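Protein chains in written order, with this note's numbering: chain A, 555 to 1099; chain B, 5 to 245. All C-beta atoms in this analysis are idealised placements derived from N, C-alpha and C, irrespective of residue type, glycine included. Keep in mind the model is a prediction, meaning the values are calculated, not measured.
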């Protein structure tokens, strides 16, 4: 094992606002390399990998899966020469970074893409700090390994105090080709669901709730032609979940000395997975969400949607190994790593929680309970592309999400997120843009307002306009909705201290809103970050002019 | 080349070209475009009832989310070398609602008997409570009408063991001695198959089937010294791509 970079110690400044320089990013062996500075050369090619016993080819940056960690500094202008060594076009999108639109890396919107054998020079100033990531926006290469962590150190030092700094990048590897996954889902949408309700479950429910109730429950779901076990469309049946590119068996390990403050930068770089993260025995203090500092929130667990990032600080006091445990929302598998005082230690892998089940509330049919707004039906109504229209969407900001309601654990809620600094644009929104997240699970068609990208017109915003996106989820699944280029200020009751996010995980049957200042002109992508939802239509162009 | 021909056919049938509204998008279209799938639902030996037989029933389709070209084929290969109840269809399939598609095209009865040609118009989809439905009406070139109804259901015993009851009915408006079918309810094929999904796409199965011929159709069968009804044990493979 390679030795660790020596720990740097800090002296707290005496000023009223303490700020701390960044500790050296601690690197256990075989983690992705760290590239820092302002000039980078990135080469996209393929390498052989073997995560499952089968050799496959991954699409990667500089021969590494995950891609190298890029470390920039707020205010610098960075230059990245990206060369395509593939036989197909490629691109890199700097997820959450506020670049000019022609540097955002979405083929067809920002630029034509990078043709085989060609290079593209990205150059832009970095106006922000925080934990982000970068990935391909071409040809489902994200699924094939083209993703990496991106850290921007604040120019004026860190608000939080920490001694160690680790990236924890979660992803999902499959030996199948992405096109095969799309084809399988088109043929049979529950292809990867091996947690379906069976005759045995019916008998168990009969014993638990009585025959009448069990039959009524089956009839209610059957009437809608929906399955309450529909949690994630692609599961551990094909995925091997990776933590910094390590399988659970390979046990990626981060070192600490008892009593140290360890910053863990969680990045969900998966294609289709929502993870529930915990470190049994440790309270995690959430200090940043999607690259933006928040008032510290101590939690036992948090859900991280695809493309979200959360920075947490933990302070392991004991001289023992701790498990970093990220179970997929459908409990079909997990990513795993270890926090340990010495190399070679492994914490026991915690048992998986029970699989959550969808409820009638997730179909927008629960008329009791949470605060509700009746809303008009969507513009599309039911149809080929829409299998459900929520009539009474729910306010769910105060819910941690399906499967995280255990009383003994405090799980993060969106309502907990309060920005450390007030927002920069105090104007109220001039108008609402109401969008419904729609889908037909059976046909595996996804979209906004019942339309696929190929059938839809762009959403037009005026430059510097302030608008509210109101999103109603007509589907029974979570969707991580990512707006490129512009911040999404989550309207979660924190008023001026709304958290700035780039990706908002929208719960089933939820009505959620965020404010947007259209301060960067150009053509921006707006889409569900579940790769196969995006690829089957849940994508829009937002045009700012 | 063949795919190209099919694409041209789909366009001529009125399928929208991809990315009409985002023609300047040089990336991909966030639309899976044309998909090609096929399934051999029944590919089985039927044993007992006095006449062993080999049975196939399959479908394939190619096209977009809304517009597809659809192929169906079924029949029995009998021990003595003949083929019976050979039905083959080419249909245009259009998605019309959340759960249902309409299908229109042609059917050819092509086997050891006299050939017949039909125009076909039908509906396929998923009924409440997860019943798979296929219902088609036919009009033949000699003024006969026919209807076919298929229903099936999957009972998931475990994540990989699936019990599938299924029934097919055939009704004809007039007797057709050339094909040994009588008017009214001519035949019924029902079965219960227990399959084990080694993978989703490959599942061996065993089962029991009942096939019955009624009325004039039964009399035609008895004239051929065949039983009008048969209960048989089946084993086969269900596979798809």
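Among the candidates the options, whose CA atom is the shortest distance from the CA of residue i?
| i | options | result |
| --- | --- | --- |
| residue 880 of chain A | A:663, A:856, A:953, A:684 | A:856 |
| residue 100 of chain B | B:129, B:141, B:223 | B:129 |
| residue 821 of chain A | A:689, A:1070, A:1064 | A:689 |
| residue 1040 of chain A | A:1020, A:1063, A:595 | A:1020 |
| residue 662 of chain A | A:687, A:623, A:692, A:637 | A:692 |
| residue 45 of chain B | B:158, B:72, B:95 | B:158 |
| residue 1024 of chain A | A:1050, A:1053, A:1058 | A:1058 |
| residue 613 of chain A | A:607, A:961, A:597 | A:597 |
| residue 622 of chain A | A:593, A:611, A:586 | A:586 |
| residue 124 of chain B | B:108, B:114, B:176 | B:108 |
| residue 33 of chain B | A:876, A:1081, A:1098 | A:1081 |
| residue 899 of chain A | A:918, A:874, A:915 | A:874 |
| residue 1100 of chain A | A:848, A:1056, A:831, A:1051 | The structure shown does not extend to residue 1100 of chain A, since chain A is modelled only from 555 to 1099, so the question has no answer here. |
| residue 1076 of chain A | A:938, A:1031, A:1013 | A:1013 |
| residue 217 of chain B | B:121, B:176, B:211, B:201 | B:176 |
| residue 1056 of chain A | A:686, A:609, A:664 | A:686 |
| residue 1090 of chain A | B:54, B:43, B:106, B:69 | B:69 |
| residue 94 of chain B | B:131, B:140, B:162, B:80 | B:140 |
Span of the beta strand (DSSP E) holding residue i?
| i | result |
| --- | --- |
| residue 862 of chain A | Note, residue 862 of chain A: premise wrong, no beta strand (DSSP E); not H, not E. |
| residue 134 of chain B | Careful: residue 134 of chain B lies outside any beta strand (DSSP E) and carries neither H nor E. |
| residue 634 of chain A | 631-638 |
| residue 849 of chain A | 846-853 |
| residue 969 of chain A | Unbroken run through residue 969 of chain A: none, as it is neither H nor E. |
| residue 174 of chain B | 165-176 |
| residue 1042 of chain A | 1042-1044 |
| residue 188 of chain B | 188-200 |
| residue 154 of chain B | 149-156 |
| residue 911 of chain A | Unbroken run through residue 911 of chain A: none, as it is neither H nor E. |
| residue 882 of chain A | 876-882 |
Residue range of the alpha helix (DSSP H) that residue i falls in?
| i | result |
| --- | --- |
| residue 1077 of chain A | Unbroken run through residue 1077 of chain A is the beta strand (DSSP E), 1076-1082; no alpha helix (DSSP H). |
| residue 755 of chain A | 753-763 |
| residue 893 of chain A | No alpha helix (DSSP H) holds residue 893 of chain A; the beta strand (DSSP E) holding it covers 888-894. |
| residue 1111 of chain A | Nothing can be reported for residue 1111 of chain A, as the shown portion of chain A is limited to 555 through 1099. |
| residue 236 of chain B | Per DSSP, residue 236 of chain B belongs to no alpha helix (DSSP H); it is in the beta strand (DSSP E), 233-244. |
| residue 594 of chain A | Where residue 594 of chain A is concerned, there is no enclosing alpha helix (DSSP H), although the beta strand (DSSP E) it sits in stretches over 593-603. |
| residue 1093 of chain A | Note, residue 1093 of chain A: premise wrong, no alpha helix (DSSP H); beta strand (DSSP E) at 1093-1098. |
| residue 206 of chain B | No alpha helix (DSSP H) contains residue 206 of chain B, which is instead part of the beta strand (DSSP E) from 206-217. |
| residue 1087 of chain A | 1085-1089 |
Validate contact between the segment 646-656 of chain A and the segment 677-690 of chain A using beta carbons, cut 8 Å, 3 pairs:
Yes, the segment 646-656 of chain A touches the segment 677-690 of chain A.
Please go through the segment 772-839 of chain A and give each complete alpha helix (DSSP H) segment of 4 or more residues, from N-terminal end onward.
The segment 772-839 of chain A contains no whole alpha helix (DSSP H) run of 4 or more residues.
With three or more beta-carbon pairs closer than 8 Å as the criterion, would you say the segment 615-627 of chain A touches the segment 656-667 of chain A?
Taking a cut-off of 8 Å on C-beta distances, the segment 615-627 of chain A does not touch the segment 656-667 of chain A, as fewer than three cross pairs fall below it.
Contiguous beta strand (DSSP E) assignments of at least 3 residues, all confined to the segment 38-83 of chain B:
The qualifying runs are 39-51, 57-67, 71-82.
Which residues, in chain order, does the segment 710-740 of chain A contribute to contact with chain B at a C-beta distance below 8 Å?
Those would be 736, 737, 738, 740, in chain order.
Closer than 8 Å between beta carbons: that is the criterion. Which residues of the segment 134-145 of chain B meet it against chain A?
For the segment 134-145 of chain B, which is checked against every Cβ of chain A, the residues closer than 8 Å are 134.
Short-range partners of chain A found in the segment 157-181 of chain B, where Cβ spacing is below 9 Å
Within the segment 157-181 of chain B, the residues whose Cβ lies closer than 9 Å to some Cβ of chain A are 159, 160, 161, 162, 163, 164, 165, 167, listed in chain order.
Of all the residues that make up the segment 73-99 of chain B, which are near chain A by a beta-carbon distance shorter than 7 Å?
From the segment 73-99 of chain B, only 99 have a Cβ closer than 7 Å to chain A.
Let me know the beta strand (DSSP E) ranges lying completely inside the segment 985-1021 of chain A, each 3 residues or longer, listed in chain order.
Entirely contained in the segment 985-1021 of chain A, the beta strand (DSSP E) runs reaching 3 residues are, in chain order, 985-994, 999-1002, 1013-1015.
Quick test of the definition: if touching needs 3 or more C-beta pairs under 8 Å, does the segment 1039-1056 of chain A touch the segment 956-970 of chain A?
As far as the Cβ criterion goes, the segment 1039-1056 of chain A touches the segment 956-970 of chain A, which means the pair count is three or higher.
Members of the segment 32-45 of chain B that neighbour chain A once the beta carbon cut-off is set at 7 Å
Cβ contacts with chain A come from 32, 33, 34, 35, 36, 39, 41.
Please identify, using Cβ separations under 7 Å, the residues of the segment 195-224 of chain B that lie next to chain A, in order along the chain.
From the segment 195-224 of chain B, only 204 have a Cβ closer than 7 Å to chain A.
Check whether the segment 188-195 of chain B and the segment 214-233 of chain B touch, using three or more Cβ-Cβ pairs below 8 Å as the test.
Contact between the segment 188-195 of chain B and the segment 214-233 of chain B is present: 3 or more CB-CB pairs across the two stretches fall below 8 Å.
Taking Cβ-Cβ distances below 7 Å as the criterion, which residues of the segment 992-1007 of chain A are in contact with chain B?
The segment 992-1007 of chain A vs chain B, Cβ under 7 Å: 994, 996, 997, 999, 1006, 1007.
Output needed in chain order: residues of the segment 113-131 of chain B with a Cβ under 7 Å from some Cβ in chain A.
Taking 7 Å as the upper bound on Cβ-Cβ separation, chain A lies near residues 130 of the segment 113-131 of chain B.
Any beta strand (DSSP E) of 3 or more consecutive residues that is wholly inside the segment 636-709 of chain A
Within the segment 636-709 of chain A, the complete beta strand (DSSP E) runs of at least 3 residues are 647-649, 673-679, 684-689, 701-707.
Counting beta carbon pairs with one atom in the segment 972-982 of chain A and one in the segment 1031-1040 of chain A, are three or more of them shorter than 8 Å?
The segment 1031-1040 of chain A is not in contact with the segment 972-982 of chain A.
Interfacial residues, the segment 738-757 of chain A to chain B, with Cβ spacing under 8 Å:
Taking 8 Å as the Cβ-Cβ cut-off, the segment 738-757 of chain A approaches chain B at 738, 740, 741, 742, 745, 748, 749, 750, 751, 752, 753, 754, given in chain order.
Specify whether the segment 866-876 of chain A and the segment 809-823 of chain A touch according to this definition: at least 3 beta carbon pairs, one from each stretch, less than 8 Å apart.
Output reads yes: the segment 809-823 of chain A touches the segment 866-876 of chain A.
Which residues, taken in chain order from the segment 661-682 of chain A, show a beta carbon closer than 8 Å to some beta carbon of chain B?
Listed in sequence order: 661, 662, 663, 666, 667.
Mind listing, in chain order, the continuous beta strand (DSSP E) runs of no fewer than 3 residues lying wholly within the segment 83-136 of chain B?
Entirely contained in the segment 83-136 of chain B, the beta strand (DSSP E) runs reaching 3 residues are, in chain order, 87-99, 104-113, 120-131.
Three CB pairs or more closer than 8 Å across the segment 730-747 of chain A and the segment 993-1010 of chain A:
The segment 730-747 of chain A vs the segment 993-1010 of chain A: in contact.
Would you call the segment 229-238 of chain B and the segment 723-730 of chain A in contact, with 3 or more CB pairs under 8 Å?
No, the segment 229-238 of chain B is not in contact with the segment 723-730 of chain A.
Please name the residues in the segment 931-952 of chain A whose beta-carbon is closer than 9 Å to at least one beta-carbon of chain B, in chain order.
Close to chain B, meaning a Cβ-Cβ distance shorter than 9 Å, are the following residues of the segment 931-952 of chain A: 936, 937, 938, 939, 940, 941, 942.
The segment 899-911 of chain A: positions lying closer than 7 Å to chain B by Cβ:
Identification of residues in the segment 899-911 of chain A having a C-beta nearer than 7 Å to some C-beta of chain B yields an empty set.
Any 3 or more C-beta pairs closer than 8 Å across the segment 630-649 of chain A and the segment 1060-1068 of chain A
No, because fewer than three Cβ pairs between the segment 630-649 of chain A and the segment 1060-1068 of chain A fall closer than 8 Å, the two stretches do not touch.
Could you please tell me which residues of the segment 1072-1091 of chain A, in chain order, have their CB closer than 7 Å to any CB of chain B?
Within the segment 1072-1091 of chain A, contact with chain B at the beta-carbon level (separation under 7 Å) is assigned to 1088, 1089, 1090, 1091.
Got a sec: which bits of the segment 957-977 of chain A sit with their beta carbon under 8 Å from any beta carbon on chain B, in order along the chain?
Residues are counted here when their Cβ sits less than 8 Å from a Cβ of chain B; for the segment 957-977 of chain A the count is zero.
Pull out every residue of the segment 775-791 of chain A whose Cβ sits closer than 7 Å to any Cβ of chain B, in chain order.
Hits within the stretch, in order: 776, 777, 779.
Is the segment 740-754 of chain A touching the segment 771-786 of chain A in the sense that three or more CB pairs, one from each, lie closer than 8 Å?
The answer is yes - the segment 740-754 of chain A touches the segment 771-786 of chain A, with three or more Cβ pairs under 8 Å.
Mind the definition here: the segment 902-911 of chain A touches the segment 945-957 of chain A only if three or more C-beta pairs lie below 8 Å; say whether that holds.
Verdict: yes, contact present.
Output, in sequence order along the chain, the residues in the segment 56-70 of chain B whose CB is closer than 8 Å to any CB in chain A.
Here the close residues are 69, 70.
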